[in-house]
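Numbering (UniProt numbering), first residue to last: 1 to 72. Input: a single structure, listed below in structure tokens.
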């Protein structure tokens with residue numbers, strides 16, 4: 001997941017999402033981060049904010065994300 005603004009047009013989506021803040025290191029353990037994005041009709045970064053997610057760095061240079069079910 002990117003840490004910078006992502007275009008909303010990627011892969012035919014209507015909202016480009018990215019991680020607010022940096023990814024954790026192995027030593028950080030599990031951290032809480034917010035996911036932010038850009039709506040198709042505004043084209044401005046950061047105008048959409050989701051529920052917080054949890055992120056963990058894993059050996060082997062990858063991350064695990066725990067997402068929450070969005071509100072209806």
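Don't be surprised by glycine CBs; every beta carbon is placed ideally from N, CA and C.
Note to self: So if DSSP puts residue 58 in a beta bridge, which residue, or which two residues, is it bridged to?
What the structure shows: Taking the first residue of the chain shown as 1, we reach residue 58 at position 58. DSSP output for residue 58 lists 62 as bridge partner(s).
Margin query: To the nearest angstrom, how far is the alpha carbon of residue 63 from that of residue 23?
Written below: As a first step, residue 63 is located in the chain shown; it is residue number 63 there, counting from the start. As a first step, residue 23 is located in the chain shown; it is residue number 23 there, counting from the start. If I take the Cα positions, the gap works out to 8 Å.
Note to self: Can you tell me whether residue 33 is buried or exposed? The criterion is at least 16 other CB atoms within 10 Å of its CB, across all chains shown.
What the structure shows: By 1-based counting over the chain shown, the position of residue 33 is 33. Residue 33 is buried by the Cβ-count criterion.
Checklist line | Contact with chain B by residue 62, beta-carbon distance below 8 Å | finding: Within the model displayed, chain B is absent; a lone protein chain is all it includes.
Item checked: Straight-line Cα distance separating residue 16 from residue 48 -> By one-based count along the chain shown, residue 48 stands at place 48. By one-based count along the chain shown, residue 16 stands at place 16. Taking the straight line from one Cα to the other gives about 9 Å.
Next item on the list: Check residue 27 in the structure and name its three-state DSSP category.
Entry: Sequence index remark: in the chain shown, residue 27 carries index 27 (1-based). Looking at residue 27 - three-state DSSP - the assignment turns out to be helix.
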